[in-house]
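K.L.:
Numbering (the UniProt record's numbering), first residue to last: 1 to 211.
(1) Determine, using beta carbons only, whether residue 50 and residue 12 come nearer to each other than 8 Å.
(2) Answer yes or no: do residue 52 and residue 34 have a C-beta to C-beta separation smaller than 8 Å?
(3) Under 8 Å, do residue 100 and residue 27 count as touching if we go by C-beta distance?
(4) With DSSP as the reference, identify every bridge partner of residue 21, one or two as the case may be.
(5) Tell me the DSSP secondary structure of residue 15 in three-state form.
(6) Hey, would you say residue 87 sits closer than 8 Å to residue 62, going by beta carbons?
(7) Would you report the Cα separation of residue 64 and residue 81, rounded to the nearest angstrom?
(8) Label residue 1 either buried or exposed according to how many other C-beta atoms from any shown protein chain fall within 10 Å of its C-beta, with 16 as the threshold for buried.
(9) Quick one: what's got a C-beta closer than 7 Å to residue 121's C-beta in the same chain, skipping five residues either side?
(10) Using DSSP with H/G/I as helix, E/B as strand and the rest coil, what is residue 92?
(11) Does DSSP classify residue 28 as helix, strand or coil?
(12) Could you tell me which residues DSSP puts in a beta bridge with residue 106?
(13) Please report the distance separating the alpha-carbon of residue 31 from that of residue 78.
(14) So residue 73 and residue 98 are in contact, right, with Cβ under 8 Å, and what is the actual spacing, rounded?
(15) Please report the straight-line C-alpha distance between residue 231 and residue 38, rounded to a whole angstrom.
(16) Along the chain, where does the alpha helix (DSSP H) containing residue 8 start, and where does it finish?
(17) Helix, strand or coil: how does DSSP classify residue 36 here?
(18) Which of helix, strand or coil does DSSP assign to residue 79?
(19) Do residue 117 and residue 105 count as a contact pair if the criterion is CB distance below 8 Å?
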């Protein structure tokens, strides 16, 4: 057995997944790409390949890069599903690091016409939609320039007030200004159709043209 095979076979998460102290006080993001993830299908034993994307905001600890590489490579000879492998990686790192934020994406190579992407994030929470409040129409409103409430009239009240205002002549001088009797009338003399008259009662002569 080669030394690399031995390391992967004997890899222990509790003792071999090394973490370091985070000496920085500010928040920052660590992004790691692991493009050679491999595990075995739990049913057929065929290999499954994936690229794993890790992103996290460290708290007090950060993961050592060689250690996480060996941890990911240790899945090479394990029969485990896509879902279980990514969930296990997330759980192990979350327990070890206790990060402020962490996200893992496992993008598996297509196999058998199926492409699987597993994503786990610490803020991936399905929020329950807020319950709709029962609509109750308001009958009183406050003026924007005072504290006195004003009544809101319904559309039927507004319509009746308009009709009554028209009937009672509430428009005042405007209605009196445009009465029917004040409209200008057109003259009954149709000057456009007057009979043509000629001087000295002479009529135009008709000249016959010889054929």
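We put the beta carbon where it would ideally sit given N, CA and C, even for glycine.
Please read all numbers here as calculations on a predicted model, not as lab measurements.
P.N.:
In this structure, then:
(1) Taking 8 Å as the cut-off, the Cβ atoms of residue 50 and residue 12 do not count as close.
(2) With a cutoff of 8 Å on beta-carbon distance, residue 52 and residue 34 are scored as near each other.
(3) Judged by beta-carbon spacing, residue 27 lies within the 8 Å limit of residue 100, meaning their Cβ atoms are closer than that value.
(4) Bridge partners of residue 21: 61.
(5) Three-state result, residue 15: helix.
(6) With a cutoff of 8 Å on beta-carbon distance, residue 87 and residue 62 are scored as not near each other.
(7) Rounded to the nearest angstrom, the two C-alpha atoms are 26 Å apart.
(8) So residue 1 ends up on the exposed side.
(9) For residue 121, where only same-chain residues beyond five positions count, the Cβ hits under 7 Å are 103.
(10) Assigned with DSSP and collapsed to three states, residue 92 falls in helix.
(11) In the structure shown, the three-state DSSP call for residue 28 is coil.
(12) As a beta-bridge residue in DSSP terms, residue 106 pairs with 52 and 118.
(13) Answer to the nearest angstrom: the Cα atoms are 26 Å apart.
(14) Between residue 98 and residue 73 the Cβ distance is about 24 Å, and since that is not below 8 Å, they are no contact.
(15) The chain is shown from 1 up to 211; residue 231 falls before or after that span and cannot be answered.
(16) That run of the alpha helix (DSSP H) goes 3–9.
(17) In the three-state reduction of the DSSP assignment, residue 36 falls in the strand class, which pools E and B.
(18) Here DSSP, grouped into helix, strand and coil, assigns residue 79 to strand.
(19) With a cutoff of 8 Å on beta-carbon distance, residue 105 and residue 117 are scored as near each other.
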